[in-house]
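One structure is given here, and the rest of the page talks about it.
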Amino acid sequence: MHFTSSSLLPTLLLLTPALVLARDCTHFETTYIIPCPNKVFHMGQPDTSPNGWSHAFLVNQQAFETWAKRDGIGGGCGGFCQKLILKTPAGYTGATFTMRCVISRMKKVWDQGIPAYLEGLERIETNTKCDSKLGPSEIDSTKMLAVFALGLLLQLLVVSATATGERLGIHFENGNQDAPLLKLDYATYRATYNETYDSSSRLVMGGVSTSPPGEDCLFLDVTVPGKAIKTPGATLPVVGKAFANNMFWGGADAMIKASGGNLVWVAGNYRLGAYGFLTGTTVEKEGVPNAGFWDQRAVLEWIQKYITLVGGDPKTVTAMGISAGAGSIVHHLILEGGKMDPLFTRAILQSPGYTNLMDRAGQLESNYKRFEDLAGCKGKGLACLRALNESSLQNASNSVNGGRRQGDFAFNPAPDGKFIMKTPTLEFAAGNYFKGIESIISSYVTNEGGMFADSTVTDDGKFDQLIVSTYGNSSETAWIKDQAAKLWPPISAPGSPYKTEQERLGSHVSEGSFTCHNRLIADAYPGKVWTVHYAVPPAGHGSDQTATFFNPASPQYATMTAAEKEGRAAFQSYLTSFARTGDPNKFRSEGQTIEWPKTTGVEGVTLRNTLQVDSLKGREGFRLVDDGLQVKERCEFWSRVQVAVEKRLGKGA
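In mature numbering (1 follows the signal peptide of the UniProt record, and there is no 0), the protein residues as written are -22 to -1, 1 to 631.
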């Protein structure tokens, strides 16, 4: 069941107008279907296969989403197509693969049907009247920080709940079992989808959505297990998922199923690029920098206020993310110098990544000015940018990154002097972070930096040039070059552990942008952290996600051996146990895993009790090690660099 609304934080830097729901709209759906031979579904085997149909589904998805975006047909958020699922459609007697495409709130009567790019697929269309209660007059924007495009995917019917003397929660009018209502204190939402399925046991993983990007589509997705629905008053642990800027493997179903139905899952989008992380002194004066963090904060506030209505416990929220998602979570620990409650008690940080941009009046302002110029608003400020259409802003945002070296991005979280005072490294070193976190899993993979290492750096001289281009010809540059040569010896140096310049640079980038952040966390929260080193070849950035979101029903795992599947399920059990209890050991797969103690040794050269995952073929793939990839001296180098840069920049940093 999906419930949708749309609006944005009124306090944010709004580059495009926020939309509210319109009355008298239409909910439109079309389902694309592989022609089914109408055999009875036997022995768990489908009558049809998706093999050979991928192009047909892709073409139809692109046509639908382009049409839905055109001329305001689909409103601010257009339309979207879901992943393939195996089901028996209405009028069929056999199971077949289908793709459901939706315009939740069609704001304009169309004069043409959707493009007829069927390519052999069949199609069923439906359209229904939207709930008349969903007009703008029913939305009280003063009662909530943000009204998100809210999608609730519930596997069974959710019991009603009571709060502030009003009947809140999901219920059905007059016993009607179709299109239930979600009544909150700021608005009422009609479900646009109602179908019960068994934990996506027949799910087929879809591809990347080709829906045009836009700022009006901030979706909040909540998945609730049957246990929460069947047990009135249930208070299950909650996982809040922050996706990465450039990758996203999994979803809620596999994790909830692996937890035995003991988790409520919340995933929220946030704005990226210039939309979400425009910073610099001009933005500080005329708008709100780091708007993406405010989007994330609104998700966490929504969880605290409303998650009890679907059986979640706001007191046991685990924030989970990979890469930029995990890096975002780290930033929430230093909001306002650690004075602001991050609204979660636990965290799973996988490859926590963030840059250390600091020069607000220099590099950050320069990035903003370039964006302003490319958008056609040179010298005109945010007022001009707010008046532009989406495509102009998107093109300018993409162009700012054009021509930059590999792994270097213009728009990243950065200090703004208010919400984010300094970089996480500096704030943690100064003790300016939120201390009330109960427990954390922090992880990294062996070769974090490989995909971000500039491929043009092929010798020691170019390595030195890269450092100069990063820090400029400043007073500390010579010292940085000298220290880097000692800690990451040139390949020409006797005894250098590196065979190629790319290997050397990859190690340098890995530790500066990812790996040493784990040591930072272990140091900040002694006795509360479990550390993971995921070393399963090829151990590149993001490679741990296939195990994190392992779903035995997914085709991508079909060719794996039973042992390989068991290994992934074992790794996953550590994470689900942690999300449920704050301890990765309590509900781990005991026969396939080992006891995992908390991290110690922060005061020494290497971290002790790091769980190293060498393979995913059973218990023998896990072992405890002294972590040689988070050596104290090399990690402290990055802190010293930032202290030196901050000193040079003075109050401008």
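Every residue, glycine too, gets a C-beta built ideally from N, C-alpha and C.
Item to check | Burial state of Lys17, where buried means 16 or more other Cβ atoms lie within 10 Å | outcome: In the sequence shown, counting from the first residue as 1, residue 17 sits at position 39. Confidence is the limiting factor: at Lys17 the pLDDT is only 40, short of 50, which leaves the residue's position unreliable, though a coordinate-based value still follows. Counting Cβ neighbours within 10 Å, Lys17 comes out exposed, since fewer than 16 surround it.
Item to check | Enclosing beta strand (DSSP E) for Ser421 [first to last residue] | outcome: Translated into the one-based positions of the sequence shown, residue 421 becomes position 443. For Ser421, the enclosing beta strand (DSSP E) starts and ends at 417 to 423.
Checklist entry - Hey, His310 and Leu342: beta-carbon distance below 9 angstroms or not? => result If you number the sequence shown from 1, residue 310 lands on position 332. If you number the sequence shown from 1, residue 342 lands on position 364. At least 9 angstroms separates the beta-carbon of His310 from that of Leu342.
Checklist entry - Within the chosen definition, does the region 238 to 248 reach the region 344 to 351 through at least 3 CB pairs nearer than 8 angstroms? => result No, because fewer than three Cβ pairs between the region 238 to 248 and the region 344 to 351 fall closer than 8 angstroms, the two stretches do not touch.
Next on the checklist: So, with DSSP's three-state summary, where would you put Val308?
Outcome noted: Here residue 308 refers to the residue found at position 330 of the sequence shown. Looking at Val308 - three-state DSSP - the assignment turns out to be helix.
Checklist entry - Using CA coordinates, which residue listed in Thr259, Ala325, Gly409, Leu498 is at the minimum distance from Pro215? => result Within the sequence shown, residue 215 is the residue found at index 237, counting from 1. Across the set Thr259, Ala325, Gly409, Leu498, the C-alpha of Ala325 shows the shortest separation from the C-alpha of Pro215.
Item to check | Neighbour-count burial assignment, Gly545, 16 or more Cβ in a 10 Å radius | outcome: Taking the sequence shown and counting its residues from 1, the one referred to as residue 545 is at position 567. A residue is called buried when at least 16 other Cβ atoms come within 10 angstroms of its Cβ; Gly545 meets this threshold and is buried.
Item to check | Between the CA atoms of Phe412 and Gly380 - distance to the nearest angstrom | outcome: For the purposes of this step, residue 380 is taken as residue 402 along the sequence shown, with counting starting at 1. For the purposes of this step, residue 412 is taken as residue 434 along the sequence shown, with counting starting at 1. Spanning the alpha carbons of Gly380 and Phe412 requires a straight line of approximately 37 angstroms.
Checklist entry - Helix, strand or coil for Met21 per DSSP? => result The residue given as residue 21 occupies position 43 in the sequence shown. Confidence at Met21 is low in this model, with a pLDDT of 34, below 50, so its placement is unreliable and the value that follows should be read with caution. Looking at Met21 - three-state DSSP - the assignment turns out to be coil, as it is neither helix nor strand.
Item to check | Three-state secondary structure (DSSP) of Asp522 | outcome: For this step, residue 522 is matched to residue 544 along the sequence shown. Residue state, collapsed to three classes: coil.
Checklist entry - What number of angstroms, rounded off, separates the C-alpha of Val244 from the C-alpha of Ile234? => result By one-based count along the sequence shown, residue 244 stands at place 266. By one-based count along the sequence shown, residue 234 stands at place 256. It is roughly 11 angstroms from the alpha-carbon of Val244 to the alpha-carbon of Ile234.
Next on the checklist: My assumption, with CB atoms under 8 angstroms, is that Asn425 sits in contact with Pro533. Please give the rounded CB distance.
Outcome noted: Residue numbering aside, residue 425 sits at position 447 when the sequence shown is read from its first letter. Residue numbering aside, residue 533 sits at position 555 when the sequence shown is read from its first letter. Actually they do not touch by this definition, with Cβ atoms about 27 angstroms apart.
Next on the checklist: Going by C-alpha to C-alpha distance, which of Asp231, Pro210, Phe75, Ala297 sits closest to Thr201?
Outcome noted: Numbered from its first residue, the sequence shown carries residue 201 at position 223. Distance from the Cα of Thr201 is smallest, within the candidate group Asp231, Pro210, Phe75, Ala297, for Asp231.
Item to check | Closest Cα partner of Cys59 within the set Ala41, Thr74, Val446 | outcome: For the purposes of this step, residue 59 is taken as residue 81 along the sequence shown, with counting starting at 1. Per the C-alpha coordinates, the member of Ala41, Thr74, Val446 positioned closest to Cys59 is Ala41.
Checklist entry - Closest by CA to Glu614, which one among Thr209, His511, Ala407? => result As a first step, residue 614 is located in the sequence shown; it is residue number 636 there, counting from the start. With distances taken between Cα atoms, Glu614 lies closest to Ala407.
Checklist entry - Can we say the region 537 to 557 touches the region 482 to 498, given the rule of at least three CB pairs closer than 8 angstroms? => result Fewer than three Cβ pairs drawn from the region 537 to 557 and the region 482 to 498 lie within less than 8 angstroms of each other, which leaves the two stretches out of contact.
Item to check | Pairwise C-alpha distance: Ala276 and His495 | outcome: Position 517 of the sequence shown, counted from the first residue, corresponds to residue 495. Position 298 of the sequence shown, counted from the first residue, corresponds to residue 276. Their Cα atoms are separated by approximately 25 angstroms.
Item to check | Simplified DSSP assignment, three categories, for Tyr552 | outcome: As a first step, residue 552 must be located in the sequence shown, where it is residue number 574. Looking at Tyr552 - three-state DSSP - the assignment turns out to be helix.
Next on the checklist: Tell me the residue span of the beta strand (DSSP E) that contains Leu214.
Outcome noted: For the purposes of this step, residue 214 is taken as residue 236 along the sequence shown, with counting starting at 1. Segment 214 to 220, the beta strand (DSSP E) holding Leu214.
Next on the checklist: Residues in the same chain with beta-carbon distance under 8 angstroms from Ile281, minus the five sequence neighbours each way, listed in chain order, please.
Outcome noted: In the sequence shown, residue 281 corresponds to position 303, counting from 1. Closer than 8 angstroms at the Cβ level, and outside the excluded window around Ile281, lie Val216, Gly218, Val244, Gly290, Pro292, Val295, Leu321.
Item to check | Cα-Cα separation, Leu585 to Tyr422 | outcome: In the sequence shown, residue 585 corresponds to position 607, counting from 1. In the sequence shown, residue 422 corresponds to position 444, counting from 1. In this model, Leu585 and Tyr422 are separated by some 13 angstroms (Cα to Cα).
Next on the checklist: Between Gln274 and chain B, is the shortest Cβ-Cβ distance under 9 angstroms, so that the two count as touching?
Outcome noted: Within the model displayed, chain B is absent; a lone protein chain is all it includes.
Checklist entry - Can Pro13 and Leu99 be called in contact, C-beta distance under 9 angstroms? => result Looking up residue 13 in the sequence shown gives position 35. Looking up residue 99 in the sequence shown gives position 121. Taking 9 angstroms as the cut-off, the Cβ atoms of Pro13 and Leu99 count as close.
Checklist entry - Excluding sequence positions up to five away, which residues of its chain have a Cβ less than 7 angstroms from the Cβ of Met21? => result Along the sequence shown, one-based indexing puts residue 21 at 43. Unreliable placement is indicated for Met21, whose pLDDT of 34 sits below 50; no coordinate value is reported for it.
Next on the checklist: Can you look up Asn410 in the DSSP assignment and give me helix, strand or coil?
Outcome noted: Reading the sequence shown from its first residue, position 432 is the one you call residue 410. Asn410 falls in the coil class under three-state DSSP.
Checklist entry - Name the DSSP beta bridge partners of Val510, please? => result By one-based count along the sequence shown, residue 510 stands at place 532. DSSP output for Val510 lists Ser421, Leu589 as bridge partner(s).
Checklist entry - Could you give the distance in angstroms between the alpha-carbon of Ala269 and the alpha-carbon of Asn240? => result By 1-based counting over the sequence shown, the position of residue 269 is 291. By 1-based counting over the sequence shown, the position of residue 240 is 262. Straight through space, the alpha carbons of Asn240 and Ala269 are spaced by roughly 33 angstroms.
Checklist entry - Just checking, does the region 392 to 409 make contact with the region 458 to 465 on the three C-beta pairs under 8 angstroms criterion? => result Contact check between the region 392 to 409 and the region 458 to 465: fewer than three CB pairs, one atom from each, fall below 8 angstroms, which does not count as touching.
Checklist entry - Are the beta-carbon atoms of Thr297 and Gln550 separated by less than 9 angstroms? => result Counted from its first residue, the sequence shown places residue 297 at position 319. Counted from its first residue, the sequence shown places residue 550 at position 572. Note that residue 297 is Ala in the sequence shown here, rather than Thr. No, they are not a contact pair.
Next on the checklist: What residue range does the alpha helix (DSSP H) around Asp231 cover?
Outcome noted: Mapped onto the sequence shown, residue 231 falls at position 253. Run containing Asp231: 230 to 236, per the alpha helix (DSSP H) assignment.
Item to check | Outcome for Asp432 when other beta-carbon atoms lying within 10 angstroms are tallied against a minimum of 16 | outcome: As a first step, residue 432 must be located in the sequence shown, where it is residue number 454. Asp432 comes out buried.
Item to check | Candidates Glu103, Glu405, Thr66, of which the one nearest Ala9 by Cα | outcome: Translated into the one-based positions of the sequence shown, residue 9 becomes position 31. Rather than Ala, the amino acid found at residue 9 in this sequence is Thr. Closest in alpha carbon position to Thr9, among Glu103, Glu405, Thr66, is Glu103.
Checklist entry - Over what stretch of residues does the beta strand (DSSP E) that includes Gly290 continue unbroken? => result Along the sequence shown, read from residue 1 onward, the residue named residue 290 stands at position 312. In the DSSP assignment, Gly290 falls within the beta strand (DSSP E) that extends over 290 to 300.
Next on the checklist: Using only the alpha-carbon positions, how far apart do Thr66 and Arg101 sit?
Outcome noted: Sequence index remark: in the sequence shown, residue 66 carries index 88 (1-based). Sequence index remark: in the sequence shown, residue 101 carries index 123 (1-based). Going by the C-alpha atoms only, they are around 13 angstroms apart.
Item to check | Contacts around Arg626, its chain only, beta-carbon distance under 8 angstroms, and the 5 residues preceding and following it disregarded | outcome: To locate residue 626, count along the sequence shown from 1; it is residue 648. In the same chain as Arg626, and ignoring 5 residues on each side of it, the C-beta atoms closer than 8 angstroms to its own belong to Ser452, Ser453, Glu454, in chain order.
Item to check | Contact under 9 angstroms by Cβ, Phe441 with Pro468 | outcome: If you number the sequence shown from 1, residue 441 lands on position 463. If you number the sequence shown from 1, residue 468 lands on position 490. Against a cut-off of 9 angstroms, the Cβ pair of Pro468 and Phe441 comes out as a contact.
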